[in-house]
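Reminder that position 115 of the sequence shown reads as 118 in the working numbering, one-by-one numbering, no gaps. Beta carbons are placed, not taken as given, at the ideal position from N, Cα and C, and that holds for glycine. Notes follow once the structure below has been shown.
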Amino acid sequence: MTWVTAVARLRARREHGVLVTVATVRGHAPRDAGAKLVVGQTGTWGSIGGGNVEAVSIDRAREMIATSKPEPELMDFALNDKVTNRHGVQCCGGTVAVLLEPLPVVPAVAVFGVGHVGLELARILARQDLDLHLIDTRPDVLTDERLSVLADAVAQVHVHHTPLLPEEILEELPRGTHILIMTHDHAEDAALCDAALRTTHLGSIGLIGSASKWARFRKRLAGEGGHDEATIARIRTPIGLADITGKEPATIAVSVAADLLRTFEAERN
């Protein structure tokens, strides 16, 4: 497996990792500059030459994975028999600098409803390094042509067309996924709110809409849904920044995206 494939696999599994690269080499060393090793919590892929350099790098990478906010690090190794090594002698004669770069688990966002606001929001979020899930019951909304504006996305975009029950997608989403509910149908929104409150592995839950809409939903969630006040409080509405009051889809999308990015920052801190 190539290191590129290994990095992609860790991302798909939403597992933390570290990319280890031989940054510089002076004199003789097991591998040339540019050699790479990918370290996960339980596995490794690739090699930077074996021996003490690789073993120490793996040890440090695993320590970084266990750290809440790891930063890139540069480690220097002298390859001679006069150096006391943790994992045996490595006396090639040269020196090596190794760069360790954390591979974090990126945020995940699911947008239920890719109408005017949803598409504008997707265009903004697609410029971020995250996993973006787009869900809608209307096939004409999720056509390749309409979503072509996301062709240059930085995000990993996952499109889900669910003709009947979009709430079934909730169980499939990664742990900690932030949910934004903004479908074309208030009944669909209500069903999603109820299902989201019953799905315990999700992150934040946001609902677009007016105060009167939320008043009806609260009553229904408490009555028919049987949810208590603490559970219902998991849903945030209205979404977006309170001091941005414009009603154009692009304006709403900017407001919602900014508020969500603020949530990401809070999680990292």
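List the DSSP bridge partners of residue i.
{"i": "G49", "result": "L40"}
{"i": "A113", "result": "H136 and I182"}
{"i": "T98", "result": "R29 and A81"}
{"i": "G20", "result": "G43 and L106"}
{"i": "V238", "result": "The displayed chain sequence assigns Ile, not Val, to residue 238. I238 is bridged to I208."}
Quick one, which of the options has its alpha-carbon nearest residue i's?
{"i": "V42", "options": "E66, L176, H119 and A193", "result": "E66"}
{"i": "G54", "options": "V99, E148 and T266", "result": "V99"}
{"i": "E18", "options": "H119, P33, L106 and M78", "result": "L106"}
{"i": "K72", "options": "L263, V21 and A154", "result": "V21"}
{"i": "V120", "options": "F267, V257 and L133", "result": "V257"}
{"i": "W48", "options": "L82, A64 and A9", "result": "A9"}
{"i": "L122", "options": "L133, R149, T70 and A214", "result": "R149"}
{"i": "E270", "options": "I255, V109 and E175", "result": "V109"}
{"i": "H189", "options": "I61, A58, W217 and L176", "result": "W217"}
{"i": "G52", "options": "A26, P177 and I238", "result": "A26"}
{"i": "R237", "options": "G46, P166, T203 and L135", "result": "T203"}
{"i": "T266", "options": "A253, D246 and R239", "result": "R239"}
{"i": "R126", "options": "P177, V160 and A193", "result": "V160"}
{"i": "T280", "options": "A69, R34 and A253", "result": "Lying before the first or after the last residue shown, residue 280 is absent from the chain, which here runs from 4 to 272."}
{"i": "I208", "options": "A193, S151, R130 and K222", "result": "A193"}
{"i": "A15", "options": "T146, L135, G226 and F220", "result": "L135"}
{"i": "K145", "options": "P166, L128, L264 and D155", "result": "Here the sequence assigns Leu to residue 145, which means Lys is not the residue at that position. Nearest option by C-alpha distance: P166."}
{"i": "R141", "options": "L176, S151, D155 and E191", "result": "E191"}
{"i": "A32", "options": "T5, D62 and D79", "result": "D79"}
{"i": "S60", "options": "V23, A81, R29 and A214", "result": "V23"}
Mind reading off the beta-carbon distance from residue i to residue j? Whole number of angstroms is fine, and I expect it under 8 Å.
{"i": "C277", "j": "L168", "result": "Summary: the structure shown does not reach residue 277, with the chain confined to residues 4 through 272, and so no result is reported for it."}
{"i": "H163", "j": "G116", "result": "Rounded, the Cβ-Cβ distance is 12 Å, inconsistent with contact."}
{"i": "I242", "j": "L205", "result": "That belief does not hold up - the Cβ atoms of I242 and L205 are roughly 15 Å apart, past 8 Å."}
{"i": "A260", "j": "L124", "result": "6 Å"}
{"i": "L103", "j": "P75", "result": "7 Å"}
{"i": "V114", "j": "I138", "result": "7 Å"}
{"i": "G276", "j": "A245", "result": "With the chain represented from 4 up to 272, any question about residue 276 goes unanswered, as that position is not in the structure."}
For residue i, report the span of its beta strand (DSSP E) as first-last.
{"i": "H161", "result": "Q159 to H164"}
{"i": "E76", "result": "E76 to A81"}
{"i": "L205", "result": "Premise fails: L205 is in no beta strand (DSSP E) and is neither H nor E."}
Provide the residue span of the alpha helix (DSSP H) that contains residue i, from first to last.
{"i": "R130", "result": "Premise fails: R130 is in no alpha helix (DSSP H) and is neither H nor E."}
{"i": "T146", "result": "Note, T146: premise wrong, no alpha helix (DSSP H); not H, not E."}
{"i": "S215", "result": "A214 to A225"}
{"i": "T254", "result": "P252 to R271"}
{"i": "I61", "result": "G54 to I68"}
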